[in-house]
Amino acid sequence: MAIGYACIAMGINDGGMRGCMLKNAASTRLDQLIAVNLATLNRQLDYNIRNGISLFRISSDIIPFGSHPVNRNLWWEDHADSLQMLGDKIKSSGMRVSMHPGQYTVLNASDPKVLKNAVADLEYHARFLDALGINTQHKIILHLGGIYGDWQRSIARFEENFQRLSPGVRRRMVIENDEKYDIAKVMEVARELKIPAVFDVFHHQCHPAPGDRDVYYWVEQCRNTWQNDDGVQKIHYSQQEPGLRSGAHARSIKLQPFLDFYYQLPENPLDIMLEVKDKDISALKCILALQPDPPRRLGEPEKSI
DNA sequence: CCGCGTCAAGTTCAT
DNA sequence: ATGAACTTGACGCGG
Numbered sequence: 035m036a037i038g039y040a041c042i043a044m045g046i047n048d049g050g051m052r053g054c055m056l057k058n059a060a061s062t063r064l065d066q067l068i069a070v071n072l073a074t075l076n077r078q079l080d081y082n083i084r085n086g087i088s089l090f091r092i093s094s095d096i097i098p099f100g101s102h103p104v105n106r107n108l109w110w111e112d113h114a115d116s117l118q119m120l121g122d123k124i125k126s127s128g129m130r131v132s133m134h135p136g137q138y139t140v141l142n143a144s145d146p147k148v149l150k151n152a153v154a155d156l157e158y159h160a161r162f163l164d165a166l167g168i169n170t171q172h173k174i175i176l177h178l179g180g181i182y183g184d185w186q187r188s189i190a191r192f193e194e195n196f197q198r199l200s201p202g203v204r205r206r207m208v209i210e211n212d213e214k215y216d217i218a219k220v221m222e223v224a225r226e227l228k229i230p231a232v233f234d235v236f237h238h239q240c241h242p243a244p245g246d247r248d249v250y251y252w253v254e255q256c257r258n259t260w261q262n263d264d265g266v267q268k269i270h271y272s273q274q275e276p277g278l279r280s281g282a283h284a285r286s287i288k289l290q291p292f293l294d295f296y297y298q299l300p301e302n303p304l305d306i307m308l309e310v311k312d313k314d315i316s317a318l319k320c321i322l323a324l325q326p327d328p329p330r331r332l333g334e335p336e337k338s339i
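Each number in my numbering corresponds to the 1-based position in the first sequence with 34 added.
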């Protein structure tokens, strides 16, 4: 069982990725940014290891314009040594990482240009994880995409487009429920494509599937989509931020509701990715709260938290 | 150095 | 058809 966070380490200085504007994305500039970002990833991994965090999402921004034609750098060759070192660190520490393309990566697009971009972006993500030399338990998580006025046809298009992806991408692909496609629909696609489904508890609470099944039912259902090569089942967890629109991720995890949820989960192993603003702070809060004997002393932070 | 306008990408909804 | 929201910070230009 692991609890983790996404992309930015609040507990260290310069804990996130750097980028630049398109007009400044010359080859040398990109190469410098990539070097800086790989060094940042290294510091993030060290920080996670020091603090007992073994689940982490790597930012898609780690390679600026990673799937854009402006970036013609052979970064996976230019930085092969660094990438291998980072992958070795992930493996030797037992950390599990993932990547999560954003709202602009739409695999069920009807516009061929948009689809082409989505495929290129997924190939970029797979190339990065491959360059680390880590196995297919380290996943790429994606939403199903748009509705386009007809969700059934749009799901069919997702399935068709998925089959055209390279085997390397397909082996890492995981799909997740969101405000457009509920967990029941995502589960159907997952079974059809024989890929895992990440159950996003918070999205489900905002946009439940028809019927009155509780979240534990859906955790169990999704569990069956995770095969040996996929690793331990993973779910996403968040809470509503008070005062903001429904669906707005919490600034920080409230411990008691999290514990109430956690202790009603089945006994099976489960990885829980937290999606909150304060990132590793909440991850540490939850991790420490679940330890039977809270430590007297933590790993040395770069910055007090 | 500071402040503020702008930033690759796509879908959806309002006007 | 055009534009804003989504979500949020960071980039980088101009003063």
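We put the beta carbon where it would ideally sit given N, CA and C, even for glycine.
Here's a check: name, in chain order, each residue in its chain whose Cβ is nearer than 7 Å to the Cβ of residue i, leaving out the five neighbours to either side.
i, result
"Leu166", "Leu117, Leu120, Gly121, Ile124"
"Glu193", "Val223, Glu226, Leu227"
"Arg130", "Ala36, Ser88, Leu89, Gln171, His172, Gly265, Asp305"
"Asp314", "Tyr39, Ala43, Met44, Gly45, Ile87"
Taking the alpha-carbon of residue i as reference, which of the options has the nearest alpha-carbon?
i, options, result
"Ala160", "Val220, Ser94, Ile189, His177", "Ser94"
"Phe236", "Phe192, Glu193, Leu308, Leu176", "Leu308"
"Gly128", "Tyr297, Ser272, Ala218, Phe90", "Phe90"
"Asp80", "Ile46, Asn151, Leu64", "Ile46"
"Ala284", "Asn151, Val310, Ala218, Leu293", "Val310"
For residue i, I'd like the list of residues in its chain whose CB is within less than 6 Å of its CB, leaving aside the five on either flank, ordered along the chain.
i, result
"Lys173", "Ser132, Arg206, Val208"
"His241", "Glu213, Asp216"
"Asp155", "Ser101, Pro135, Thr139"
"Trp260", "Pro230, Gln267"
"Asn234", "Per the sequence shown, the amino acid found at residue 234 is Asp instead of Asn. Contacts found: Glu210, Asn211, His270."
Please go through the same chain and pick out, in chain order, the residues whose beta-carbon is closer than 8 Å to the beta-carbon of residue i, but skip the five residues on each side of it.
i, result
"Arg106", "Ser61"
"Asn58", "none"
"Ser280", "Cys240, Gln274"
Under the three-state reduction of DSSP, which class applies to residue i: helix, strand or coil?
i, result
"Gly53", "coil"
"Ser94", "helix"
"Glu213", "coil"
"Asp234", "strand"
"Tyr271", "strand"
"Tyr39", "strand"
"Ile10", "Beyond the ends of the chain as shown, which are 35 and 339, falls residue 10; an answer cannot be given."
"His113", "coil"
"Ile339", "No answer about Ile339 holds up, because its pLDDT of 42 lies below 50 and its placement is not dependable."
To the nearest whole angstrom, what separates the beta carbons of residue i and residue j, a pair I think is in contact under 8 Å?
i, j, result
"Tyr158", "Gly100", "4 Å"
"Met108", "Phe196", "Here residue 108 is Leu; the residue named in the question, Met, does not match the sequence. 27 Å between Cβ atoms; not a contact."
"Leu75", "Ile96", "6 Å"
For residue i and residue j, I'd like the C-alpha separation in whole angstroms.
i, j, result
"Ala243", "Leu176", "18 Å"
"Pro201", "Asp263", "14 Å"
"Phe295", "Leu278", "22 Å"
"Gly183", "Ser316", "38 Å"
"Leu324", "Pro300", "15 Å"
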